[in-house]
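For the sequence shown, counting from 1, position 95 maps to 228 in the working numbering; every step adds exactly one.
These notes are about the structure you will find just below.
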Amino acid sequence: MRQHVRFLRQYLTSPSSVGAVWPSSQSLARALCEPYACADRPSAILEVGAGTGAVTRYLGRILRPTDQLDVCELAPAFLRVLEEEVLSDASFDRARNESRVRLIPGRVQDLPGAGRYDFVISGLPLTAFSPEDVDEVIGTVRRLIRPGGVFSYFEYVGLRRLSRWIRLGDRRRRMRRVSSRLDDMIRAHQFRRRVVLANIPPAYARHLCFDKRR
Ligand SMILES: C[S@@+](CC[C@H](N)C(=O)[O-])C[C@H]1O[C@@H](n2cnc3c(N)ncnc32)[C@H](O)[C@@H]1O
Numbered sequence: 134m135r136q137h138v139r140f141l142r143q144y145l146t147s148p149s150s151v152g153a154v155w156p157s158s159q160s161l162a163r164a165l166c167e168p169y170a171c172a173d174r175p176s177a178i179l180e181v182g183a184g185t186g187a188v189t190r191y192l193g194r195i196l197r198p199t200d201q202l203d204v205c206e207l208a209p210a211f212l213r214v215l216e217e218e219v220l221s222d223a224s225f226d227r228a229r230n231e232s233r234v235r236l237i238p239g240r241v242q243d244l245p246g247a248g249r250y251d252f253v254i255s256g257l258p259l260t261a262f263s264p265e266d267v268d269e270v271i272g273t274v275r276r277l278i279r280p281g282g283v284f285s286y287f288e289y290v291g292l293r294r295l296s297r298w299i300r301l302g303d304r305r306r307r308m309r310r311v312s313s314r315l316d317d318m319i320r321a322h323q324f325r326r327r328v329v330l331a332n333i334p335p336a337y338a339r340h341l342c343f344d345k346r347r
């Protein structure tokens with residue numbers, strides 16, 4: 134419950150960057166990590182927008198000894214929780230001792246390099262971002278991911294449609310532009326979608342591969 138209160142407090146401080154009032158459930162974490170959990174080769178994973186670590190904790194349980202995990206988060210308050218309460222958990226002992234897990238503060242857009250990760254698992258609130266930020270984040274993910282790599286992210290069921298109805302003026306226009314970008318990406322590259330009802334609110338876990346067209 135402490136995590137939930139912190140999450141809510143951070144949302145009130147920075148709503149468009151946190152974009153959710155409640156952390157992801159265990160079921161959503163499992164659905165987001167499904168392609169990695171099924172991988173049969175050594176893998177490099179990037180988790181972006183880790184928040185209070187709902188997905189990170191799950192990754193700690195399934196991380197294999199051949200694999201490495203980078204966790205990127207923007208908010209200093211969440212970075213403290215990740216450092217002191219999540220990555221310090223015994224499930225990360227071995228990976229930490231072998232320097233296979235790193236906490237990276239800052240914006241994902243500022244991560245250097247190209248073709249570094251087999252899996253990028255995102256908790257970023259893309260639907261709360263400006264269209265320009267969505268373009269920048271997707272461009273960054275495409276740069277960082279290896280050929281054949283998988284990008285997994287979630288969005289709340291019906292949120293985009295609902296916001297297009299209830300929002301007015303600039304906010305409605307922003308949502309339309311974000312939505313059209315996400316729809317283009319989904320149409321071109323999504324290979325799997327899971328509906329996760331056991332989450333507040335229910336969510337889609339989406340999995341995309343940028344090398345393949347559907
Ligand atoms: C909806 S919360 C997700 C938290 C967690 N993954 C979960 O599912 O419960 C989004 C997180 O993304 C972080 N964030 C927002 N913009 C970011 C950026 N450009 N780079 C890295 N993290 C960012 C926020 O600080 C917040 O912790």
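Built from N, CA and C at the ideal position, the CB exists for glycine as well.
Out of the options, point me to the one whose CA is closest to residue i's CA.
i      : options                           : result
ARG233 : PHE225, GLY239 and LEU277         : PHE225
ARG326 : GLU206, ARG142 and SER285         : SER285
ILE278 : CYS342, SER296 and ARG306         : CYS342
ASP173 : LEU207, ALA336 and ASP200         : ASP200
ILE195 : ALA210, TYR169, SER158 and ARG304 : TYR169
GLY282 : PRO238, LEU257, PHE252 and ARG240 : PHE252
Do the CB positions of residue i and residue j come within less than 8 Å of each other?
i      : j      : result
LEU330 : GLU288 : no
TYR250 : ILE319 : no
VAL188 : ALA162 : yes
LEU202 : CYS166 : no
ARG307 : SER255 : no
LEU244 : GLU216 : no
Does the beta-carbon of residue i have 16 or more other beta-carbons within 10 angstroms, so that it is buried, or is it exposed?
i      : result
PRO156 : buried
PHE324 : exposed
ASN332 : buried
SER221 : exposed
ILE299 : exposed
VAL351 : The shown model of the chain, from 134 to 347, leaves out residue 351, and the question about it has no answer.
| Ranges of the beta strand (DSSP E) found wholly within the stretch 164 to 220, counting only runs of at least 3 | 177 to 181 and 201 to 206
| Minimum length 4: unbroken alpha helix (DSSP H) runs contained in the stretch 266 to 341 | 292 to 299 and 302 to 322
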